[in-house]
Ligand code: HEM
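Residue numbers (our numbering): 53 to 421.
1. Taking 8 Å as the threshold (C-beta atoms), are residue 400 and residue 306 in contact?
2. Using the Cα positions of residue 169 and residue 284, report the straight-line distance between them to the nearest angstrom.
3. Any contact between the segment 294-306 and the segment 107-122? By contact I mean 3 or more CB pairs, one from each, below 8 Å.
4. With a threshold of 8 Å, are at least 3 pairs of Cβ atoms found where one atom belongs to the segment 383-394 and the other to the segment 236-246?
5. Near residue 228, what residues of its chain come up, given a Cβ to Cβ distance below 8 Å and the 5 sequence neighbours on each side ignored?
6. Does residue 304 come out as helix, strand or coil in the three-state DSSP assignment?
7. Could you give the distance in angstroms between the alpha-carbon of residue 108 and the alpha-carbon of residue 122?
8. Tell me the DSSP secondary structure of residue 315 in three-state form.
9. Considering only residues of the same chain and omitting the five flanking positions on each side of residue 405, which have a CB-CB separation below 7 Å?
10. When you measure from the CB of residue 282 to every non-hydrogen atom of the ligand HEM, does any distance come out below 7 Å?
11. Taking 8 Å as the threshold, find out whether the segment 240-255 comes into contact with the segment 162-180 through three or more Cβ pairs.
12. By a C-beta neighbour count over all protein chains shown, 10 Å radius and 16 as the cutoff for buried, is residue 409 buried or exposed?
13. In whole angstroms, give me the CA-to-CA distance for residue 105 and residue 392.
14. Only counting the same chain, and skipping five residues up and downstream in sequence, which positions put a Cβ closer than 7 Å to that of residue 101?
15. Between the C-alpha atoms of residue 82 and residue 264, what's the straight-line distance to the nearest angstrom?
16. Using 8 Å as the threshold, is the segment 367-377 in touch with the segment 332-340, meaning 3 or more CB pairs across them?
17. Determine the direct distance from the alpha carbon of residue 308 to that of residue 178, and round the result to whole angstroms.
18. Locate the alpha helix (DSSP H) running through residue 162, then write down its first and last residues.
19. Can you find a heavy atom of the ligand HEM that lies under 7 Å from the Cβ of residue 239?
20. Using alpha carbons as the reference points, say which of 194, 188, 153 and 139 lies closest to residue 437.
21. So which of 420, 278, 403 and 303 has the shortest CA-CA distance to residue 357?
22. Can you give me the C-alpha to C-alpha distance between residue 201 and residue 195, rounded to a whole angstrom?
23. What is the rounded straight-line gap between the Cα of residue 95 and the Cα of residue 319?
24. Taking the straight line between their C-alpha atoms, what separation do you get for residue 413 and residue 136?
25. For residue 417, I'd like the list of residues in its chain whose CB is within less than 7 Å of its CB, leaving aside the five on either flank, ordered along the chain.
26. Just to check, is the beta-carbon of residue 214 closer than 7 Å to a non-hydrogen atom of the ligand HEM?
27. Closer than 6 Å by C-beta to residue 354: which residues in its own chain qualify, once you throw out the five before and the five after it? Chain order, please.
28. For a test of your reading of the model: does the CB of residue 139 fall under 7 Å from any non-hydrogen atom of the ligand HEM? Yes or no.
29. Figure out for me which residue from 266, 186, 144 and 222 has the closest Cα to the Cα of residue 132.
30. In the structure shown, what three-state DSSP assignment does residue 130 receive?
31. Considering only residues of the same chain and omitting the five flanking positions on each side of residue 332, which have a CB-CB separation below 6 Å?
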């Protein structure tokens, strides 16, 4: 006979109202004699995920990370503006017949990018495929995340609150796709360029979704460490550096200063000093300058904090050194990107490692000290 079967009826009800792992869910009913009492909603740390559920979350996170890398590759190939329609459901099938290719090509001919590049139908196909792969991967991420949530046995493995949060992340993936289309549409009107700050927003929301997923793999442990706030502040600053970087890419400003560490031998180029107010956000040289200077600031702050953690918090030393390794790689890649006039593979790695740096900083902030 099971433990639950030996309980009084009311208590059995209370027992089954808990989420996975037999823990009471928020506001669950508990039995005290004959009286049913609603327990106060006390937050509790989530139980660590194991087994298939953990494997699933890791697979979705890897798929999402791949999508971020493919996004950078598509942008650097100038392929993102090749598909001029948004068909979230039917767009999953690529053109099969010559007539279908012709129809897509004709629609593309009405865009400013066609006016600029005037590709042949064959050249158009080479622009089409990377963007197609990007969009199909986006749908796959959504399906991989959302489909298992329809199974009640899988939801019970996750626990009620975690399943709800994963449902929210799946909704976030739909939002992410919508932002992606708004961004593409911004490049189909006057100039063959997407709006640089929509590009930054698109990368920022992708990173937030990855942060939400990876936080589930590694929930907050115990008490805050002395360094938690500092690492959170540096993580937030690295996130802003990342957004500035995406805007540099969107403004095609990476090629403006092919020197490192200064800007053509100066630390404040005259055109940057001359720009004023919000206009600076559209000025490639100013955004490039701000991106690099903010990255130098983040590096200095992280060096100090990592040094302190290495001396005073031995249990978190390994994670602190990991963040340091990602930062060193990021600066090296940044320098290589400017010195090579934005080489495609280096720029893709620079984008991927930026996301990895932010995720590692978040993981460090979750350590207990
Ligand atoms: C904390 C450090 C840094 C972070 C988090 C970061 C992040 C990023 C991100 C996310 C992008 C957008 C990539 C893309 O869309 O292709 C970017 C672009 C760029 N970053 Fe960084 N970056 C950092 C440091 C640096 C440094 C130190 C340099 C230069 C020395 C640099 C130079 C560039 C350049 C030139 C681009 C534009 C590349 C392109 O046009 O595709 N970055 N950065």
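Every residue gets a Cβ at the ideal spot worked out from N, C-alpha and C, and that includes glycine. Bear in mind that the values here come from a model prediction, so they are computed numbers and not experimental data.
According to the structure shown:
1. Indexing the chain shown from 1 puts residue 306 at position 254. Indexing the chain shown from 1 puts residue 400 at position 348. Not a contact, by the Cβ cut-off of 8 Å.
2. Counted from its first residue, the chain shown places residue 169 at position 117. Counted from its first residue, the chain shown places residue 284 at position 232. Distance between the alpha carbons of residue 169 and residue 284: 44 Å.
3. no
4. no
5. Locating residue 228 in the chain shown gives position 176, where the first residue counts as 1. Excluding sequence neighbours, residue 228 sits near 190, 254, 257, 258 and 261.
6. The residue given as residue 304 occupies position 252 in the chain shown. Here residue 304 sits in coil by DSSP.
7. On the chain shown, position 56 is the one that residue 108 refers to. On the chain shown, position 70 is the one that residue 122 refers to. Each residue's alpha carbon lies about 21 Å from the other.
8. By one-based count along the chain shown, residue 315 stands at place 263. Strand.
9. For this step, residue 405 is matched to residue 353 along the chain shown. The residues are 378, 381, 382 and 385.
10. What you label residue 282 is simply residue 230 of the chain shown in a count that begins at 1. The answer is no for residue 282.
11. yes
12. Walking along the chain shown from the start, residue 409 turns up at place 357. Residue 409 is buried by the Cβ-count criterion.
13. The sequence position of residue 105 within the chain shown is 53, counting from 1. The sequence position of residue 392 within the chain shown is 340, counting from 1. Those two C-alpha atoms are separated by around 43 Å.
14. Here residue 101 corresponds to residue number 49 of the chain shown, with the count starting at 1. Closer than 7 Å at the Cβ level, and outside the excluded window around residue 101, lie 109, 268 and 269.
15. Against the chain shown, residue 82 aligns to sequence position 30. Against the chain shown, residue 264 aligns to sequence position 212. The predicted position of residue 82 is uncertain, since its pLDDT is 35 and thus under 50; no value can be drawn from it.
16. no
17. Residue mapping note: residue 178 aligns to position 126 of the chain shown, counting from 1. Residue mapping note: residue 308 aligns to position 256 of the chain shown, counting from 1. Cα to Cα, residue 178 sits roughly 28 Å from residue 308.
18. Against the chain shown, residue 162 aligns to sequence position 110. Here residue 162 belongs to no alpha helix (DSSP H), and DSSP marks it neither H nor E.
19. As a working note, residue 239 is residue 187 in the chain shown. Incorrect: residue 239 has no Cβ contact closer than 7 Å to the ligand HEM.
20. Since the displayed the chain opens at 53 and closes at 421, residue 437 lies outside it and no answer follows.
21. On the chain shown, residue 357 is found 305 positions in, with the first residue counted as 1. With distances taken between Cα atoms, residue 357 lies closest to 278.
22. The sequence position of residue 201 within the chain shown is 149, counting from 1. The sequence position of residue 195 within the chain shown is 143, counting from 1. If you take the alpha carbons of residue 201 and residue 195, they lie about 10 Å apart.
23. Counting from one through the chain shown, the residue named residue 95 turns up at place 43. Counting from one through the chain shown, the residue named residue 319 turns up at place 267. Because the pLDDT of residue 95 is 40, which lies under 50, any placement of that residue in the model is unreliable, and the question is left without a value.
24. Numbered from 1 along the chain shown, position 361 holds the residue referred to as residue 413. Numbered from 1 along the chain shown, position 84 holds the residue referred to as residue 136. So the two alpha carbons sit approximately 37 Å from each other.
25. Residue 417 sits at position 365 when you count from the first residue of the chain shown. For residue 417, where only same-chain residues beyond five positions count, the Cβ hits under 7 Å are 280, 283, 284 and 287.
26. Residue numbering aside, residue 214 sits at position 162 when the chain shown is read from its first letter. Answer for residue 214: no, Cβ out of range of the ligand HEM.
27. By one-based count along the chain shown, residue 354 stands at place 302. Contacts found: 286 and 379.
28. Here residue 139 corresponds to residue number 87 of the chain shown, with the count starting at 1. Every heavy atom of the ligand HEM is 7 Å or more from the Cβ of residue 139, so no.
29. On the chain shown, residue 132 is found 80 positions in, with the first residue counted as 1. Out of 266, 186, 144 and 222, 186 has the C-alpha closest to the C-alpha of residue 132.
30. Stepping through the chain shown from its first residue, residue 130 is reached at position 78. Of the three classes helix, strand and coil, the one that applies to residue 130 here is coil, per DSSP.
31. Counted from its first residue, the chain shown places residue 332 at position 280. Cβ within range, chain order: 338.
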